[in-house]
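Sequences listed follow chains R and X, in order. Numbering of the first sequence is given in the working numbering, commencing with residue 55 and proceeding in unit increments. Numbering of the second sequence is given in the working numbering, commencing with residue 55 and proceeding in unit increments. By construction, the Cβ of each residue, glycine as well, lies at the ideal position given by its N, Cα and C atoms. Being a predicted model, the structure only gives us computed values, none of them experimental. Below you'll find the structure, written out as structure tokens, and then a few comments.
2 protein chains.
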Amino acid sequence: MKKITIGEAARQSGVKVPTVRYYESIGLLAAPSRSESNQRSFEPADISRLAFIRHARELGFEIDAIRTLLTLQDDPHQSCASADAIAKARLIEVEQRIRSLMALKAELETMVEGCGHGRVDQCRVIEVLADHGQCTHPHH
Amino acid sequence: MKKITIGEAARQSGVKVPTVRYYESIGLLAAPSRSESNQRSFEPADISRLAFIRHARELGFEIDAIRTLLTLQDDPHQSCASADAIAKARLIEVEQRIRSLMALKAELETMVEGCGHGRVDQCRVIEVLADHGQCTHPHH
DNA sequence: CTACATCCTCTAGCGACTAGAGGTGCAAGA
DNA sequence: TCTTGCACCTCTAGTCGCTAGAGGATGTAG
């Protein structure tokens, strides 16, 4: 059984070293055993768990949601209804976020296109910002 | 000259009362004059400035970017190149964010569609999270 | 006059890290 | 053997943009 240092765990999972320690501190990752010189010694399972967390974080899941997902993963005999619900909720969030970003994109485009590259007092960027009534998409 | 209280300023600008105070504290808004009983008394120009800030925040501009935009607004004889650059940078950010959210949406859809509503050990949600290699869009 | 809303200041908290100080341990080259 | 330099340790504080709450003063309506 070779010892996996925190640096190695970080490299293999793609989670940064301080973040690994942070996850341990908030109880997302069980405290690993320590070497004689007090250094953390991880198991392969920890790497998987870290990769799981990283992937979920990349997908924008919050730590609390991940905590739930991990509990589910730890007990595979449970119904996956919770996992499904969490993913669905996240999907709805993402869809909403995309919609609002699209409106935002349109507005920014109007601003940038309208910019005559002259002085600020003719600048559409500043103007649009100053007056929300001019928005092409006022619903934000 | 009627005195505008912080509550009124908040109502008219759409910025919350504690946030108005916060903006003052970080120097985004000049400290207004005070009444005899030490209450803030705002000018109509402050309301416009707050509305400007609110709109810019809604468009996702960071406080620092807004600070620059406000300086530009304060001096309309400057070239609007900076404002243009800030807006363009923000547009690029937004476009990137949309692209990555679309990839994310696709991945979440795969997860949710694949869920057989059975037990966790057959759950695609958990499975996909555990193994990034299964992503349809691995580039995140 | 009595409620009750609004104002004031100040401090602390949120999420999810990140940075830095100050120290120990370890392996490899001169 | 020494020393260089990296990786590790703990702890605290900072990031961003607010938000919440304590504890108190003031303003307004009935």
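Between Ala137/R and Val179/X, the CB-CB gap stays under 8 Å.
Distance between Ile146/R and Leu104/X, taken at the CA atoms: about 31 Å.
In the three-state DSSP reduction, Ile120/R falls in the helix class (H, G or I).
Chain R has a Cβ within less than 8 Å of the Cβ of Phe106/X. Under the DSSP assignment, Gln66/X falls in the alpha helix (DSSP H) whose first and last residues are Ile60 to Ser67. The secondary-structure analysis by DSSP pairs Phe96/X across a beta bridge with Ile58/X. Going by C-alpha positions, His131/R is about 31 Å away from Arg65/R. A residue is called buried once 16 or more other Cβ atoms fall within 10 Å of its Cβ, and Asp100/R is buried on that count. Annotation: the continuous alpha helix (DSSP H) that includes Gly168/X extends over Ala135 to Gly168. Listed along the chain, the chain R residues whose CB falls inside 8 Å of the CB of Ile152/X are Ile152, Leu155, Met156 and Lys159.
For Glu78/X, the uninterrupted alpha helix (DSSP H) run begins and ends at Val71 to Ser79, by DSSP.
With distances taken between CA atoms, Met156/X lies nearest to Glu149/R out of Leu158/R, Ser154/R and Glu149/R.
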